[in-house]
Amino acid sequence: MTEPVRVRFAPSPTGHPHVGNIRTAMFNWLFARHTGGKFILRIEDTDVARRVEGAVESIMDGLRWLGLDWDEGPGVGGDYGPYFQSQRLELYRRAAESLLAQGNAYCCYCSPERLEEMRKEQARLKQPPGYDRLCRGLSAEERAEKEAEGITPVVRFRVPLDGETIFDDLIWGTVVFENSTLDDFVLLKSDGYPTYHLANVVDDNAMEISHVIRAEEWISSTPRHLLLYQALGLEPPQFVHHPMILGPDRAKLSKRHGAVSITEYREHGYLPETMFNFLALIGWSLDDKTELMTRQELIDNFSLSRIGKTGAIFNRDKLDWMNGVYIRRLSTDDFTRQGLPFLDRGLPPEVKRPLSVDYVKEIMPLVQERAKTLAELPGLVDFFFVDELHYDVNLLLPKEMSRERVAEALEISRQRMDKGGPFDNESLEALFRSLAEELGVKTGQLFGALRGAVTGRKASPPLFQTMAVLGRERCQKRIQSALHKLSE
Ligand code: GLU
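Structural data, given as structure tokens:
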């Protein structure tokens, strides 16, 4: 019987979650859901100096927003907890002690100053950086002396000086590292906290992780981890190192390429459905051509074997296109619900709050075809909410139409609207088409002047639908103001 799939996402809480990390979480989650395994969230918070207040919440919010639910971890519990490494220090200390006892680790008393000097010297001589193993050969007496001086040591792993560490990666195939290229890395710091390497190995084992699916940038840590598994007499998991997300210049996606945290994409008005689909298809594909896949389709079809070998580029244009597609797929109710907070935040302060949900619901279908993000909404629909429009008078003047003719056309338009009768899309269109004919102007000219007057802009949602939503009274008032502008 093959062992059950147990995979983990193991973020360090150092800030808002990077989309690259979230994609790692997603590959793990998809693999767990596809195989009926477990997805575990473990917080790797042993680097006290890099810990950021609120980061754990932000990571969990990001995961929840995308629907990446975890079967074990913070807030959920599980049989392998606690799921914060800072609450598991005893386990790491015990592992370090057993390694010390077997001679697979040793205490190092080198001061930070000495290590700094060593690093500088190595840099000067263009040697690879790494601990020079000064303390590796200390005798029991020498150690006792150091202890008597009151120096708290770090614990370092005694890396074999020769030989190779070899592993099979599901993506990379056989990977070989010469042990001589590895230095005696730290396991326990002098503050008693473990390093990433020790804690990661101890926990992946204790939590019975079957597959470690993580970004390629960790591949150089893997030989260290394997040496640790070996020294501790533990069975290592299967390793899967997936390529990184790249910017358009093929460098690792970073701040200089624009937004990188999932939180930012959420704030910029991308839908979770979009981000889910988009991120899953960076570096993984069904068949190299299918772009739109639902969550269920992704679960059903996900396989580690279709993760590509080369880094994949984060394509902003594709993201925008995809978000447009998912926005158009929303029901009016959903679009309203998701759009409301953006309107609330983005509309000018003078607009009365709370916004009327019913009114917003009338407006949203008019921009659903055009919106690429929810954050664009306030800019697309603000004229539905404000009392005064601010625009340049030239906006009212279509090509080849004099100011007087425009004034005349708008005045007659206003009067015709007075007549009562239905004020809906079809009636308005019929009314103004025949008026254009009557006045002997092109429909484009009349509609352009009307659009300028009622929306204060050159491009707007469909004119007559817009007018119908604004209502007779407001349209007339706006035309009145336009006439006033024209007469100035
Ligand atoms: N804590 C590491 C991180 O921040 C985990 C890497 C791993 O998955 O082993 O990504």
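Taking the numbering used here, the leading residue of the sequence shown gets 17, the next gets one more, and so forth.
Beta carbons are placed, not taken as given, at the ideal position from N, Cα and C, and that holds for glycine.
Check: Under 8 Å between the Cβ atoms of Phe-43 and Ile-298?
Finding: It is not a contact, given that the beta carbons lie outside the stated cut-off.
Check: Comparing alpha-carbon positions, which option in Thr-326, Arg-345, Pro-253, Ser-74 lies nearest Pro-20?
Finding: For the residues Thr-326, Arg-345, Pro-253, Ser-74, the minimum Cα distance to Pro-20 belongs to Pro-253.
Note to self: Going by beta-carbon coordinates alone, are Gln-101 and Thr-62 separated by less than 8 Å?
What the structure shows: Yes, these two residues count as a Cβ contact at 8 Å.
Notebook entry, point to check: Using DSSP with H/G/I as helix, E/B as strand and the rest coil, what is Leu-204?
Noted result: Correct three-state label for Leu-204: strand.
Next item on the list: Could you check the C-alpha separation between Leu-451 and Ser-429 for me, to the nearest Å?
Entry: Roughly 8 Å between the two C-alpha positions.
Item checked: Coarse secondary structure for Ala-328, derived from DSSP in three states -> Correct three-state label for Ala-328: strand.
Checklist line | Per-residue burial, Tyr-504 [other beta carbons within 10 Å of its own, 16 or more giving buried] | finding: One detail in the question is off: residue 504 reads as Glu in this sequence, not Tyr. With fewer than 16 neighbouring CB atoms inside 10 Å of its own CB, Glu-504 falls in the exposed class.
Check: Is Leu-262 helix, strand or coil by DSSP?
Finding: DSSP, reduced to helix, strand and coil, places Leu-262 within a strand of the structure shown.
Checklist line | Cys-124, DSSP secondary structure in three states | finding: Strand.
Margin query: For Asp-185 and Val-191, which I take to be in contact (beta-carbon distance under 8 Å), what is that distance rounded to the nearest angstrom?
Written below: That belief holds up - the Cβ atoms of Asp-185 and Val-191 are roughly 5 Å apart, short of 8 Å.
Margin query: Ala-446 and Ala-469 - do their beta-carbons sit closer together than 8 Å?
Written below: Taking 8 Å as the cut-off, the beta carbon of Ala-469 is found no closer than this to the beta carbon of Ala-446.
Check: Between Trp-188, Ser-236, Ala-164, which lies nearest to Asp-198 when the distance is taken from Cα to Cα?
Finding: Checking the sequence shown, residue 198 turns out to be Leu, not Asp. Here the closest residue by C-alpha is Ser-236.
Check: If you run the structure through DSSP and keep just helix, strand and coil, what is Ser-155?
Finding: Three-state result, Ser-155: coil.
Item checked: Range of the contiguous alpha helix (DSSP H) that encloses Leu-57 -> No alpha helix (DSSP H) holds Leu-57; the beta strand (DSSP E) holding it covers 54-57.
Item checked: Rounded distance between the beta-carbons of Phe-330 and Ile-261, thought under 8 Å -> Rounded, the Cβ-Cβ distance is 5 Å, consistent with contact.
Item checked: Segment limits, beta strand (DSSP E) that includes Val-228 -> Residues 227-231.
Notebook entry, point to check: Which first and last residues belong to the beta strand (DSSP E) in which Glu-88 is found?
Noted result: No beta strand (DSSP E) holds Glu-88; DSSP gives it neither H nor E.
Check: Less than 7 Å between the CB of Tyr-245 and some heavy atom of the ligand GLU, yes or no?
Finding: Here the distance from the Cβ of Tyr-245 to the nearest heavy atom of the ligand GLU is not below 7 Å.
Notebook entry, point to check: Who does Glu-11 pair with in a DSSP beta bridge?
Noted result: Past the edges of the chain, shown from 17 to 504, lies residue 11, and the structure says nothing about it.
Next item on the list: Can you tell me which of Thr-51, Arg-66, Thr-18, Gly-36 puts its alpha carbon nearest to the alpha carbon of Thr-30?
Entry: Closest in alpha carbon position to Thr-30, among Thr-51, Arg-66, Thr-18, Gly-36, is Arg-66.
Checklist line | Contact set for Ile-75: own chain, Cβ-Cβ below 6 Å, skip 5 residues either direction | finding: Result list for Ile-75: Pro-27, Pro-33, in chain order.
Margin query: Considering only DSSP beta bridges, list what Lys-268 is partnered with.
Written below: DSSP output for Lys-268 lists Leu-262 as bridge partner(s).
Next item on the list: Using three-state DSSP, classify Pro-288 as helix, strand or coil.
Entry: DSSP places Pro-288 within a helical segment (H, G or I) once states are collapsed to three.
Next item on the list: Look at the alpha carbon of Ala-484 and the alpha carbon of Ala-275, and state the distance between them as a whole number of angstroms.
Entry: Distance between the alpha carbons of Ala-484 and Ala-275 is about 38 Å.
Checklist line | Rounded separation between Arg-49 and Thr-181 - CA only | finding: So the two alpha carbons sit approximately 32 Å from each other.
Check: Ordered along the chain, which non-local residues of its own chain (more than five positions away) have a Cβ less than 6 Å from that of Gly-146?
Finding: If you ignore the 5 residues before and after Gly-146, its C-beta comes within less than 6 Å of the C-beta of Asp-199, all in its own chain and listed in chain order.
Note to self: Quick check: the Cα distance between Thr-310 and Asn-293, rounded to an integer number of angstroms?
What the structure shows: Each residue's Cα considered, the two are about 7 Å apart.
Item checked: Own chain partners of Arg-152 with C-beta closer than 7 Å, once the 5 adjacent residues on each side are dropped -> Closer than 7 Å at Cβ, skipping near neighbours: Tyr-122, Arg-174, Asp-200.
Check: Under the three-state reduction of DSSP, which class applies to Ile-298: helix, strand or coil?
Finding: Ile-298: coil per DSSP, three-state reduction.
Check: Is Thr-40 close to chain C, meaning its C-beta is less than 8 Å from at least one C-beta of that chain?
Finding: This model lacks chain C altogether; it includes just one protein chain.
Check: By how many angstroms is the C-alpha of Gln-461 removed from the C-alpha of Trp-81?
Finding: Their backbone Cα atoms lie some 46 Å apart in a straight line.
Notebook entry, point to check: Would you say Trp-86 touches the ligand GLU, meaning its beta carbon is less than 7 Å from a heavy atom?
Noted result: Placement of the Cβ of Trp-86 at a distance of 7 Å or more from every heavy atom of the ligand GLU is found.
Check: Is the distance from the Cβ of Tyr-286 to the Cβ of Thr-389 below 8 Å?
Finding: Cβ distance < 8 Å, so Tyr-286 and Thr-389 count as in contact.
Margin query: If I measure Cβ to Cβ from Ala-423 and keep anything under 8 Å in the same chain, skipping five residues before and after, which residues do I get?
Written below: Contacts found: Leu-499, Leu-502, Ser-503.
Notebook entry, point to check: Is the stretch 466-481 touching the stretch 399-412, taking contact as three or more C-beta pairs under 8 Å?
Noted result: Touching, yes.
Next item on the list: Check whether the Cβ of Ser-497 sits closer than 7 Å to any heavy atom of the ligand GLU, and report yes or no.
Entry: Because no heavy atom of the ligand GLU lies under 7 Å away, the Cβ of Ser-497 does not count as near it: no.
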